[in-house]
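Take full-length UniProt numbering: the last position of the sequence shown gets the number 246, and nothing is skipped along the way. Working notes, beginning with the structure itself.
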Amino acid sequence: MVEYLDTSAGRKLAYHKTNGKGPGVVFLGGFMSDMSGTKAIHLEDWARSQGRAFLRFDYSGHGESSGAFADGCIGDWAEDALEALSKLTEGPQILVGSSMGGWIALLLARKLPKRVHALVGVAAAPDFTEDSMWPGLTDAQRAEILEQGQTSLPNSYDDTPYILTRRLFEDGKAQLVLRTALDLPFPVRLMQGTRDEAVEISVPLRLCEHATCPDLRLTLVKDADHRFSTPECLGMITAAISEVSQ
């Protein structure tokens with residue numbers, strides 16, 4: 001049954017929590033996705049079979065949480081994740097960040113490094129608003145954002161368009177993690193498909209080059225796409241979690 005966390009910012013976050021042994025696993029979803037996706041449910045089932053603590057939740061404006069998606073930004077969703085981590089889990093956690101969730105995980109690691117046992121990034125997309133989304137817009141779309149405050153883009157996953165706001169991009173500049181020192185003093189495992197249509201291979205390579213980390217490994221998976229949700233890919237994620245659980 002879904003539960004709700006009231007945040008200090010007045011937002012209501014929907015979540016599912018599984019009790020168990022540590023280190024627990026926290027799943028951080030992607031941009032305009034929710035906690036009912038294939039990876040989140042698979043990891044919850046796997047964690048339950050292992051007797052391991054697990055948390056999945058919806059950022060504000062996503063899924064069953066309060067608020068409108070268009071009102072949110074990276075900073076808001078990172079605050080949501082910070083409160084979920086702080087109030088709903090105990091001890092060091094393994095953060096599993098999918099796409100935008102990988103960026104959120106890095107922000108959490110910078111804010112609360114002692115609460116992070118390890119980080120697993122699945123098609124992690126740090127700094128994407130600045131490095132790929134904004135450059136990928138047309139001149140007309142950028143002008144619409146600057147002059148009218150937002151524009152909409154078709155969504156390749158369902159019929160709900162992406163609403164991209166001026167606030168999203170302005171806030172994104174304040175959340176960048178690849179421009180300043182990024183110390184990750186714990187194991188990091190990154191996985192990236194070679195047919196990912198949303199995140200280029202150069203992104204995890206840049207992250208590997210930029211971060212200071214004693215144990216960071218990147219696995220490229222031939223022909224895997226951005227969803228990274230085939231049985232083989234899901235098995236790689238759980239294997240990575242098991243590896244860094246020690």
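The beta-carbon is built from N, C-alpha and C at its ideal position, and this holds for glycine as well.
- Ile94 and Val120 have their C-alpha atoms spaced approximately 7 Å apart.
- Given a length threshold of 3 residues, each whole run of the beta strand (DSSP E) inside the segment 13-96 is given here in chain order: 21-28 and 52-57.
- Bounds of the alpha helix (DSSP H) holding Gln148 are Asp139 to Gln148.
- Counting C-beta pairs closer than 8 Å gives three or more between the segment 42-58 and the segment 10-21, which meets the contact rule.
- Considering only Pro231, Arg227 and Arg217, the residue with the shortest C-alpha distance to Ala240 is Arg217.
- In this structure, DSSP gives Met1 a state outside helix and strand, which the three-state scheme calls coil.
- With the rule of 3 Cβ pairs closer than 8 Å, the segment 107-127 counts as touching the segment 173-185.
- As the crow flies, the alpha-carbon of Ala124 is around 18 Å from that of His42.
- Across the structure, Leu234 and Ala9 are spaced so that their CA atoms are roughly 34 Å apart.
- When beta bridges are read from the DSSP output, Thr212 appears opposite Asp183.
- The three-state secondary structure of Val244, taken from DSSP, is helix.
- Around the CB of Gln192, 16 or more other CB atoms lie within 10 Å, so the residue is classed as buried.
- Counted as a single uninterrupted DSSP element, the alpha helix (DSSP H) harbouring Arg110 occupies residues Met100 to Lys111.
- Counting the other Cβ atoms within 10 Å of the Cβ of Lys39 gives 16 or more, which makes it buried.
- Around the beta carbon of Ser49, fewer than 16 other beta carbons lie within 10 angstroms, which makes this residue exposed.
- Contact check for Cys73 against Leu168 passes: the beta carbons are separated by less than 8 Å.
- In this structure, Trp103 sits away from Phe69, with a CB-CB distance that is not shorter than 8 Å.
- Nearest in C-alpha terms to Gly91, of all of Ala198, Gly24 and Leu106, is Gly24.
- Ala118 has Ile94 as its beta-bridge partners, per DSSP.
- Under the DSSP definition of a beta bridge, Ser152 partners with Ile163.
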